[in-house]
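Engineer: Residue numbers 1 to 117, in the UniProt record's numbering, belong to the letters of the sequence shown in order. Beta carbons are placed, not taken as given, at the ideal position from N, Cα and C, and that holds for glycine. One structure is given below, represented as structure tokens, and several questions about it will come after.
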Amino acid sequence: MHPLLNKLAPSAFVLKNQHNIDINLADIIGRGQRSLVLFFYPKNDTFGCTKEACSFRDQFEELSRLDADVIGVSSDSVESHKLFAEQHKLPYTLLSDLDGKLREAYQVPKWFFGMPG
């Protein structure tokens, strides 16, 4: 069993989104009315990561109807996230976890299939 199963989600983090705005994860998680789909990916503009991000884009309307917010997290810069979101028309928030602290809190491995996260 994963050690985070049945535990409160780590939320004491403030990260910049693709618009260089501080996003307090505790505010989003603390809403209680909506679900949160928080996904981690290694790097913008790589084949698998782009496919994953676009998959969430393609399901965004359905997830919104189900009262779910979508947030993608990687160690890419704010500027890289902005370009990635614009290029692929991503309608959801991307957070820049430059120091990897959020990834560590969620116990997401630093390397995904040979790619740094």
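Label Ser-35 either buried or exposed according to how many other C-beta atoms from any shown protein chain fall within 10 Å of its C-beta, with 16 as the threshold for buried.
Structural biologist: exposed
Engineer: My assumption, with CB atoms under 8 Å, is that Leu-102 sits in contact with Leu-15. Please give the rounded CB distance.
Structural biologist: 6 Å
Engineer: At what residues does the alpha helix (DSSP H) containing Gly-48 begin and finish?
Structural biologist: 47-58
Engineer: Let me know the secondary structure DSSP gives Asp-22 once reduced to three states.
Structural biologist: strand
Engineer: Taking only three categories from DSSP, how would you classify Asp-27?
Structural biologist: helix
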